[in-house]
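Peer 1:
2 protein chains.
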Amino acid sequence: MNSDPKTKPSLHTVLTPQLLDLYEINDSIVVIIDVFRATSTMATALYNGATKIIPVDSAEACIEMGKATGGITAGERDGKIIPGLSYGNSPSEYPKDFIQNKTLVITTTNGTKLLHMALRNGAKEVITGSFPNLSQVVAYLKAQNKPVILGCSGWKNRFNIEDTLFAGAVIEEIKDHFTIHCDSSFMANQLYNQHKNNMTEYIKTVTHWHRLAAYGLELDMLYCISKDIAPSLPIFKDGALINGV
Amino acid sequence: MNSDPKTKPSLHTVLTPQLLDLYEINDSIVVIIDVFRATSTMATALYNGATKIIPVDSAEACIEMGKATGGITAGERDGKIIPGLSYGNSPSEYPKDFIQNKTLVITTTNGTKLLHMALRNGAKEVITGSFPNLSQVVAYLKAQNKPVILGCSGWKNRFNIEDTLFAGAVIEEIKDHFTIHCDSSFMANQLYNQHKNNMTEYIKTVTHWHRLAAYGLELDMLYCISKDIAPSLPIFKDGALINGV
Numbered sequence: 001m002n003s004d005p006k007t008k009p010s011l012h013t014v015l016t017p018q019l020l021d022l023y024e025i026n027d028s029i030v031v032i033i034d035v036f037r038a039t040s041t042m043a044t045a046l047y048n049g050a051t052k053i054i055p056v057d058s059a060e061a062c063i064e065m066g067k068a069t070g071g072i073t074a075g076e077r078d079g080k081i082i083p084g085l086s087y088g089n090s091p092s093e094y095p096k097d098f099i100q101n102k103t104l105v106i107t108t109t110n111g112t113k114l115l116h117m118a119l120r121n122g123a124k125e126v127i128t129g130s131f132p133n134l135s136q137v138v139a140y141l142k143a144q145n146k147p148v149i150l151g152c153s154g155w156k157n158r159f160n161i162e163d164t165l166f167a168g169a170v171i172e173e174i175k176d177h178f179t180i181h182c183d184s185s186f187m188a189n190q191l192y193n194q195h196k197n198n199m200t201e202y203i204k205t206v207t208h209w210h211r212l213a214a215y216g217l218e219l220d221m222l223y224c225i226s227k228d229i230a231p232s233l234p235i236f237k238d239g240a241l242i243n244g245v
Numbered sequence: 001m002n003s004d005p006k007t008k009p010s011l012h013t014v015l016t017p018q019l020l021d022l023y024e025i026n027d028s029i030v031v032i033i034d035v036f037r038a039t040s041t042m043a044t045a046l047y048n049g050a051t052k053i054i055p056v057d058s059a060e061a062c063i064e065m066g067k068a069t070g071g072i073t074a075g076e077r078d079g080k081i082i083p084g085l086s087y088g089n090s091p092s093e094y095p096k097d098f099i100q101n102k103t104l105v106i107t108t109t110n111g112t113k114l115l116h117m118a119l120r121n122g123a124k125e126v127i128t129g130s131f132p133n134l135s136q137v138v139a140y141l142k143a144q145n146k147p148v149i150l151g152c153s154g155w156k157n158r159f160n161i162e163d164t165l166f167a168g169a170v171i172e173e174i175k176d177h178f179t180i181h182c183d184s185s186f187m188a189n190q191l192y193n194q195h196k197n198n199m200t201e202y203i204k205t206v207t208h209w210h211r212l213a214a215y216g217l218e219l220d221m222l223y224c225i226s227k228d229i230a231p232s233l234p235i236f237k238d239g240a241l242i243n244g245v
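Chains A and B, in that order, give the protein sequences. Mapping to our numbering: the first sequence position 121 is 121, numbers consecutive. Mapping to our numbering: the second sequence position 199 is 199, numbers consecutive.
1) Give a yes or no on whether 8 Å exceeds the smallest Cβ distance from Arg120/A to chain B.
2) How about Met206/B: is its C-beta nearer than 8 Å to some C-beta of chain A?
3) CB-CB under 7 Å to Thr112/A, same chain, minus the five flanking residues each way: which ones, in chain order?
4) Please report the straight-line C-alpha distance between Ile99/B and Leu212/B, rounded to a whole angstrom.
5) Buried or exposed: Lys89/B, going by 16 or more other Cβ atoms within 10 Å of its Cβ?
6) Could you please give me the residues that DSSP links to Cys152/B through a beta bridge?
7) Which residues in chain B sit within 7 Å of Thr39/A, going by Cβ to Cβ distance?
8) To the nearest angstrom, how far is the alpha carbon of Leu20/B from that of Phe186/A?
9) Buried or exposed, going by whether 16 or more other CB atoms sit within 10 Å of the CB of Gly239/B?
10) Taking 8 Å as the CB-CB cut-off, is His181/B touching chain A?
11) Where do the N-terminal and C-terminal ends of the alpha helix (DSSP H) with Gly168/B fall, by residue?
12) In terms of residue numbering, what span does the alpha helix (DSSP H) encompassing Ile99/B cover?
13) Please list the terminal residues of the continuous beta strand (DSSP E) segment that includes Thr73/A.
14) Using the rule of at least 16 other Cβ atoms within 10 Å of the residue's Cβ for burial, across every protein chain shown, is Trp155/B buried or exposed?
15) Roughly how many whole angstroms lie between the Cα atoms of Asn2/B and Glu125/B?
16) Figure out for me which residue from Val35/B, Ala59/B, Ala169/B has the closest Cα to the Cα of Ile82/B.
17) Would you check if the distance between the CB atom of Leu257/B and the CB atom of Ala167/B is smaller than 8 Å?
18) Taking Cβ positions only, does Thr16/B come closer than 8 Å to chain A?
19) So Asn189/B is in the alpha helix (DSSP H); what residue range does that whole segment cover?
20) For chain A, check one thing: does any of its Cβ atoms lie closer than 8 Å to the Cβ of Ile229/B?
21) With a threshold of 8 Å, are at least 3 pairs of Cβ atoms found where one atom belongs to the segment 117 to 132 of chain B and the other to the segment 226 to 240 of chain A?
22) What residues of chain A sit near Ser184/B, judged by a beta carbon separation below 8 Å?
23) What number of angstroms, rounded off, separates the C-alpha of Lys237/A from the C-alpha of Lys67/B?
24) Could you check if Asn160/B is buried or exposed, using at least 16 other CB atoms within 10 Å of its CB as the buried criterion?
25) Check whether the Cβ of Gln194/B sits closer than 7 Å to any heavy atom of the ligand NAP, and report yes or no.
26) Inspect the CB distances between the segment 9 to 23 of chain B and the segment 177 to 196 of chain B and report whether three or more fall short of 8 Å.
27) Indicate whether Ile203/A and Met221/A have their beta-carbon atoms separated by less than 8 Å.
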């Protein structure tokens, strides 16, 4: 293990996509975080045996890519499946007996947009993280020993608490292995430690909970804050996320 | 006091200047926050009797405005007075026997830039906030009963903890009077409550502490987290901040 602080790689937390351009991401592993629900659903679909997931940043691209690949198209706006697509963004829609050996083409409001933004900004190594695959993300980042950018998808470029909490959970597990000079990371880690023992109650106070609860998605959200129930490692390679486990 | 939640005005926290354009600020009171050290110094200079403070967003503008007004010019880069200007950004440079009845023209790395950005974005009511004038800010916001934007200056567009802590301190005092659907505000308030009883120790862990401590500015920073020691209310009117108390 690398224990010399001078040679520990850096770690930064990007609180919203609108701040991404402030950070050097080319030589870092970029972790895309969209707890409610894109990256939780991605972890789940890959854990349940999806061949690959193609993240796209618009409904139009989703329809086109679905036709080109024969994949299942998925995307929601305002809690409803987008016209022209077939499924939604809920992890519960992708059990093993449905998604195994299939390709999922998915667009979401925040997470898939941030992933494409990171690629446009020069990211060469992209994975996705969520509580359902927390330990896989942690193990991968420890093993790689490279600079890390924890990228929170937020809500329409604004800060959100649930993505920051996940960043804080990752930091809690790996902070001894990285050099951290980043107030966003300190704050994320403190927020997580403050609430890690009452996550179920705390998560009901955040704005996104109320937004999705209005669509009856409470169980989805409780799933999305459950640690290690879909232990896959979505790694972006050749235009798609595959399971690196 | 307005106690009907339906008619309570909104409150949002903008974590860095780079996020300002996501918020409607035209009909809000915008509170510019730059704890280390612009807004702490502004509160101090006005409390000590400065006639007005002209915040400018570049060294060139500072020199020009200093000539035009006969005011004292102030600004630092990397802990040193900017060539062509006369004083620095430390509150300790502006005691009563020096600054009373004078005009201060000041430029800073983050705070004065955010103030000008807010003006360009259409803000009509701008005040500045810092721990030295916390209670004045709180009293003003409660009395006005208008929507509030707490604007953190951050560090070169990145999030910082000390400005967020101040936003959280304001929120703690006024949250019953506002409608808050804003994760940034929830987080800021929680961060403040987590650390309010050990501010002196906590503040030594943030990145800006280390940056300014390298210039020997520890006493400045301890001053800047001291509540209500310069109880003025800097309000922007006709191109300058004046004391609204």
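For each residue, glycine too, the CB sits at the ideal point set by N, CA and C. Nothing here was measured: the structure is a model prediction, and the numbers come from that model.
Peer 2: The structure says:
1) For the purposes of this step, residue 120/A is taken as the residue at position 120 of the first sequence. Answer no: the Cβ-Cβ gap between Arg120/A and chain B never drops below 8 Å.
2) Along the second sequence, one-based indexing puts residue 206/B at 206. In the sequence as displayed, the identity of residue 206/B is Val instead of Met. At least one chain A Cβ lies under 8 Å of Val206/B.
3) The residue given as residue 112/A occupies position 112 in the first sequence. Short of 7 Å from the beta carbon of Thr112/A, and not among the five residues preceding or following it, lie these beta carbons of its own chain, in chain order: Ala38, Pro55, Val56, Asp57, Ile106.
4) Residue numbering aside, residue 99/B sits at position 99 when the second sequence is read from its first letter. Residue numbering aside, residue 212/B sits at position 212 when the second sequence is read from its first letter. The straight-line gap from Cα to Cα measures roughly 24 Å.
5) Here residue 89/B corresponds to residue number 89 of the second sequence, with the count starting at 1. First, the residue type needs correcting, since residue 89/B is Asn and not Lys in the sequence shown. Buried, because 16 or more other Cβ atoms sit within 10 Å of the Cβ of Asn89/B.
6) The residue you call residue 152/B lines up with position 152 of the second sequence. In DSSP, Cys152/B forms a bridge with Ile33/B.
7) For this step, residue 39/A is matched to residue 39 along the first sequence. Within 7 Å of the CB of Thr39/A, no CB atom of chain B is found; the nearest one sits about 18 Å away.
8) Sequence index remark: in the second sequence, residue 20/B carries index 20 (1-based). Sequence index remark: in the first sequence, residue 186/A carries index 186 (1-based). If you take the alpha carbons of Leu20/B and Phe186/A, they lie about 22 Å apart.
9) Position 239 of the second sequence, counted from the first residue, corresponds to residue 239/B. Exposed, because fewer than 16 other Cβ atoms sit within 10 Å of the Cβ of Gly239/B.
10) Numbered from its first residue, the second sequence carries residue 181/B at position 181. When Cβ-Cβ separations below 8 Å define contact, His181/B makes contact with chain A.
11) Against the second sequence, residue 168/B aligns to sequence position 168. Boundaries of the alpha helix (DSSP H) harbouring Gly168/B: 161 to 174, taken from the DSSP string.
12) Indexing the second sequence from 1 puts residue 99/B at position 99. Looking at the DSSP string, the run of the alpha helix (DSSP H) that includes Ile99/B is 96 to 99.
13) Taking the first sequence and counting its residues from 1, one reaches residue 73/A at position 73. Segment 72 to 77, the beta strand (DSSP E) holding Thr73/A.
14) The residue you call residue 155/B lines up with position 155 of the second sequence. Classification of Trp155/B: buried, given that the 10 Å Cβ count is 16 or more.
15) Counting from 1 along the second sequence, the entry for residue 2/B is found at position 2. Counting from 1 along the second sequence, the entry for residue 125/B is found at position 125. For Asn2/B, the predicted model reports a pLDDT of 46, less than 50, meaning its position is unreliable; a value from the coordinates is still stated below. Cα to Cα, Asn2/B sits roughly 21 Å from Glu125/B.
16) For the purposes of this step, residue 82/B is identified with residue 82 of the second sequence, where counting begins at 1. Comparing Cα-Cα distances from Ile82/B to each of Val35/B, Ala59/B, Ala169/B, the minimum goes to Ala59/B.
17) There is no way to answer for residue 257/B, as the model of chain B reaches only from 1 to 245.
18) Position 16 of the second sequence, counted from the start, is the residue given in the question as residue 16/B. By this cut-off, Thr16/B is an interface position.
19) Along the second sequence, one-based indexing puts residue 189/B at 189. Annotation: the continuous alpha helix (DSSP H) that includes Asn189/B extends over 183 to 195.
20) Along the second sequence, one-based indexing puts residue 229/B at 229. It does not; no Cβ of chain A falls within 8 Å.
21) Note that the segment 117 to 132 of chain B does not touch the segment 226 to 240 of chain A; fewer than 3 beta-carbon pairs, one per stretch, sit closer than 8 Å.
22) As a first step, residue 184/B is located in the second sequence; it is residue number 184 there, counting from the start. Those within 8 Å of Ser184/B in chain A are Arg158, Phe159.
23) Position 237 of the first sequence, counting from 1, holds the residue named residue 237/A. Position 67 of the second sequence, counting from 1, holds the residue named residue 67/B. Approximately 60 Å between the Cα atoms of the pair.
24) For the purposes of this step, residue 160/B is taken as the residue at position 160 of the second sequence. Burial is judged here by how many other beta carbons sit within 10 angstroms of a residue's own beta carbon; Asn160/B has at least 16 and is buried.
25) Within the structure as shown, the ligand NAP is missing, as the structure has no ligands at all.
26) With a cut-off of 8 Å, the segment 177 to 196 of chain B and the segment 9 to 23 of chain B count as touching, because enough Cβ pairs lie within range.
27) Stepping through the first sequence from its first residue, residue 203/A is reached at position 203. Stepping through the first sequence from its first residue, residue 221/A is reached at position 221. Closer than 8 Å, so yes.
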